[in-house]
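Report on one structure; see the data block that follows.
Number of protein chains: 2
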Amino acid sequence: MPAVTFTVLKRDRATGARLGRLKTPHGTIETPVFMPVGTQATVKTMTPEEVAGVGAQIILANTYHLYLRPGADIIREAGGLHNFMHWEKPILTDSGGFQIFSLADLREISDAGVTFRSHLDGSTHFMGPVESMAVQESLGSDIAMAFDECVAYPASREEVEAGVERTSRWAEICLEVHRREDQAVFGIIQGGVIPELRRRSAREITALDFPGYGIGGLSVGEPKELMYSILEDLQGYLPENKPRYLMGVGSPDCLIEGVKRGVDMFDCVLPTRIARNGTVMTTYGKLVVRNAAYARDFRPLDPECDCYTCRHYSRAYIRHLLKADEILGLRLTTIHNLYFLLKLMHRIRQAIANNDLEAFEADFYAKYNSGKI
Amino acid sequence: MPAVTFTVLKRDRATGARLGRLKTPHGTIETPVFMPVGTQATVKTMTPEEVAGVGAQIILANTYHLYLRPGADIIREAGGLHNFMHWEKPILTDSGGFQIFSLADLREISDAGVTFRSHLDGSTHFMGPVESMAVQESLGSDIAMAFDECVAYPASREEVEAGVERTSRWAEICLEVHRREDQAVFGIIQGGVIPELRRRSAREITALDFPGYGIGGLSVGEPKELMYSILEDLQGYLPENKPRYLMGVGSPDCLIEGVKRGVDMFDCVLPTRIARNGTVMTTYGKLVVRNAAYARDFRPLDPECDCYTCRHYSRAYIRHLLKADEILGLRLTTIHNLYFLLKLMHRIRQAIANNDLEAFEADFYAKYNSGKI
């Protein structure tokens, strides 16, 4: 019995969108799904009950951060990440690769892995596919990601190609060393924005027959249209019966466009990060609630939203909290943004079920881009 | 019909402790009561539902802070502080006096009030009894406090005496100008640590027949024993049928000693402030959960506590959150500390009802001072 199983329940008639169900050791996930990010074993500002309450089915935690602090051994001793953080639903952990390449200093890459210095205290560490699998097994996530090399954008063809080759070699090692039967490992497809290299990576990684596939190295600075065309092209090279996870993507338009191109899973810090900066997503577009314009605005953030925040608090109050550096302000905007995105995903699933995705999309954009906030 | 009414339900046989009931426009409060502090229209880190959930019957908000930000007019336009912050239970507002004397700069005191500069932006403001009443009427608290002068500790006899005289004059003005019938005004007794001046202040303020009395200017640096002896002495000078509120006091020992000397109401930032610094109060004394000693300690903060935090999280996890600057850490310690203090008050009320306060006290201290954490 594999750790996770995936079933495509329905395909949208007009687009590549899929409605699916992903079974994991800690519960079943309806896809397409957005995964809130709990980098340091907490979705910033929220309790697990609140995260579930806004509609999250699965969260993502970051292997790099948890390896450095508090350390994988402490989480293993706590009985794994679910126990440690009091979250009973599924967890996906990333491989650590992306953070090592983007956050850590003074790295040296070899075929065995990466030597890097902690962004916290400058201490030196080594992580490769073997170490990443060991850490993720200690964390005990439902889905672990294979250790990959994510090249920067822009990068030369040679760099992208080297990244693809290394990612394929590391993917094999991950499968060889991985032991936990209650944890799935997903492969990651790299290849930058070069269609030929994307196809090569897809061929090599899917040949290893992972139970799911991450699409890495996108949404790293390239134009959105380029990302969409890569996704479109990739569709033909990914097995129909395995979940496809577009890593690090989470704006409403990218979620919709990703779903239309066959993506089943997403994660992103965007909704929680912009919330803490005082920006919220509403039916009628983004609203910077910190702005002075809202000092006497006693309407909810989004008049069409029924989240906890919008049911009980005004823009004026939330602005006051943010201006006064009060933590409740960060909590209220975070709750709203996650609820907004997770409800969007719920409505997308309904639209696929009703063969109605294109009409839903037109309606969503008409309001979201209206600026009538 | 007065805005608030107070009934002494029972007196403890062996001490001066009183069990009482305080009715206010937003609900009835069982006394002795501890009031969590919501300085800026929020009990730091918590939602109103959480504040009620840990057992709070009434909260305190700070007139000085809210006058400066967001401004009393915005809160009045929002329909008052209860509406603005989504708290349906009683609220007490302080007069602003204490904060003006402790936080603001460059103040000039006259018989009409105080000119001060905002600690936020240096802007110049004036507040006296007339202004304080107007602001508190805009806030719409259930209980407003008369504008008083709180002298520093130590202070000369002349300074303390001048403070007593001014506080009495201002108290009269407060009663004259106050209009709201759904809001009570409590007088404040000053007099530093000079028994004769305390008695004079008590005589002058109680002569004005307020529905309740604050005891101000204590817990400002003087030895605890001095505070206790002032409280003991004051008992004979305060009317039996009015609530007595010891301002700014909130450590477990001071709560117990205050109750034994006839105090009915308390407030303090202590439990919430030390929580955010990583210190929690437990049955067996204080615990600095930030300490490295707790990195692998998978027990709850207090093994005898059944608060949300202690039911679901370990010391190791909470320490991790605090070290990683995660807001959830501040939330969990705050919830625990408030629950601990509010449960202590609940047990004190039960002990008074059972004529059992001294036995309860002995038992509490035996554990609290044991250091067996």
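These protein sequence lines map, in sequence, to chains Y and P. All residue numbers in the first sequence are consecutive under this note's numbering, ending with 373. All residue numbers in the second sequence are consecutive under this note's numbering, ending with 1373. C-beta: ideal position from N, C-alpha, C; glycine also.
Rounded separation between residue i and residue j - CA only
i, j, result
"L231(Y)", "M1281(P)", "54 Å"
"V1004(P)", "T333(Y)", "37 Å"
"A155(Y)", "I1335(P)", "49 Å"
"C310(Y)", "Y237(Y)", "43 Å"
"R1273(P)", "S201(Y)", "53 Å"
"L218(Y)", "L321(Y)", "35 Å"
"P1243(P)", "I1058(P)", "14 Å"
"E1158(P)", "T1283(P)", "44 Å"
"H1086(P)", "A1056(P)", "14 Å"
"K343(Y)", "T1039(P)", "34 Å"
"E225(Y)", "P1070(P)", "44 Å"
"V1054(P)", "R169(Y)", "54 Å"
"M1127(P)", "L1060(P)", "20 Å"
"V1220(P)", "M1227(P)", "10 Å"
"A1072(P)", "L1066(P)", "6 Å"
"R107(Y)", "F98(Y)", "12 Å"
"I75(Y)", "R1299(P)", "14 Å"
"A1134(P)", "G1096(P)", "12 Å"
"D233(Y)", "V193(Y)", "11 Å"
"F1364(P)", "G1285(P)", "10 Å"
"E137(Y)", "K372(Y)", "48 Å"
"F1147(P)", "L1301(P)", "40 Å"
"G258(Y)", "I352(Y)", "13 Å"
"I109(Y)", "T115(Y)", "7 Å"
"I1366(P)", "R21(Y)", "Sequence inspection shows Ala at residue 1366(P); the Ile mentioned does not correspond to that position. Their Cα atoms are separated by approximately 57 Å."
"K240(Y)", "T7(Y)", "A quick correction: the sequence has Glu, not Lys, at residue 240(Y). Using only the alpha carbons, I get a separation of about 10 Å."
"R347(Y)", "S370(Y)", "20 Å"
"E1361(P)", "A1162(P)", "38 Å"
"S1123(P)", "D1267(P)", "29 Å"
"F210(Y)", "C1307(P)", "43 Å"
"P1303(P)", "E49(Y)", "22 Å"
CB of residue i within 8 Å of CB of residue j, strictly
i, j, result
"R276(Y)", "K44(Y)", "yes"
"I1188(P)", "M1145(P)", "yes"
"T1279(P)", "V1288(P)", "yes"
"P129(Y)", "G140(Y)", "no"
"P1036(P)", "L1328(P)", "no"
"K1089(P)", "A1052(P)", "yes"
"L1197(P)", "V1164(P)", "yes"
"A1316(P)", "R1296(P)", "yes"
"V1160(P)", "C1174(P)", "no"
"D1105(P)", "T1063(P)", "no"
"L120(Y)", "L68(Y)", "yes"
"Q415(Y)", "R261(Y)", "Given a span of 1 to 373 for chain Y in the structure shown, any question on residue 415(Y) remains unanswerable."
"G216(Y)", "Q183(Y)", "no"
"T31(Y)", "M265(Y)", "yes"
"L1379(P)", "R1349(P)", "Because chain P here runs from 1001 to 1373, residue 1379(P) falls outside it and cannot be looked at."
"H1125(P)", "H1082(P)", "no"
"A1078(P)", "S314(Y)", "yes"
"G1212(P)", "I1143(P)", "yes"
"L255(Y)", "F34(Y)", "yes"
"D1111(P)", "R1166(P)", "yes"
"L1341(P)", "P1271(P)", "yes"
"Y153(Y)", "E222(Y)", "yes"
Worksheet item: Can you list, in chain order, the residues of the segment 57 to 75 of chain Y whose Cβ is nearer than 7 Å to any Cβ on chain P?
Response: Cβ contacts with chain P come from R69, P70 and I74.
Worksheet item: Which ranges would you report for the alpha helix (DSSP H) in the segment 1323 to 1367 of chain P if only whole runs of at least 4 residues count?
Response: List check, alpha helix (DSSP H) in window: 1327 to 1353.
Worksheet entry | the segment 163 to 180 of chain Y contacting the segment 244 to 251 of chain Y, beta-carbon criterion three pairs below 8 Å | Too few Cβ pairs lie closer than 8 Å, so no.
Discussion item. Three Cβ pairs or more, each shorter than 8 Å: is that satisfied between the segment 353 to 364 of chain Y and the segment 14 to 24 of chain Y?
Written reply: The segment 353 to 364 of chain Y vs the segment 14 to 24 of chain Y: in contact.
Discussion item. Please give me, in chain order, every unbroken run of the beta strand (DSSP E) with length at least 3 that falls completely inside the segment 212 to 288 of chain Y.
Written reply: DSSP runs (the beta strand (DSSP E)) wholly in the segment 212 to 288 of chain Y: 213 to 215, 244 to 246, 265 to 267, 279 to 282 and 285 to 288.
Discussion item. Give me the subset of the segment 295 to 324 of chain Y whose CB atoms are less than 7 Å from a CB atom of chain P, sorted by chain position.
Written reply: Listed in sequence order: A295, R296, F298, H312, Y313, S314, A316, Y317, H320, L321, K323 and A324.
Worksheet entry | Near-chain P residues of the segment 106 to 136 of chain Y (beta-carbon distance less than 8 Å), N- to C-terminal order | So nothing in the stretch comes that close.
Discussion item. At 4 residues or longer, what runs of the alpha helix (DSSP H) sit wholly inside the segment 1123 to 1148 of chain P?
Written reply: Runs found: 1129 to 1139.
Discussion item. Extract the residue ranges of the alpha helix (DSSP H) inside the segment 1098 to 1122 of chain P, only unbroken runs of 4 or more that lie entirely within it.
Written reply: Within the segment 1098 to 1122 of chain P, no run of alpha helix (DSSP H) reaches 4 residues while sitting entirely inside it.
Fill in: chain Y contacts from the segment 1081 to 1110 of chain P (Cβ-Cβ distance under 7 Å)
Hits within the stretch, in order: F1084, M1085 and H1086.
Worksheet item: Mind listing which residues of the segment 12 to 40 of chain Y have their C-beta closer than 7 Å to chain P's C-betas, in chain order?
Response: Taking 7 Å as the Cβ-Cβ cut-off against chain P, the residues of the segment 12 to 40 of chain Y that qualify are Q40.
Worksheet item: For the segment 263 to 279 of chain Y, which residues have a CB atom closer than 7 Å to at least one CB atom of chain P, in sequence order?
Response: Residues passing the 7 Å Cβ filter: none.
Worksheet item: Closer than 7 Å, Cβ to any Cβ of chain P: which residues of the segment 244 to 257 of chain Y, in chain order?
Response: For the segment 244 to 257 of chain Y, which is checked against every Cβ of chain P, not one residue is closer than 7 Å.
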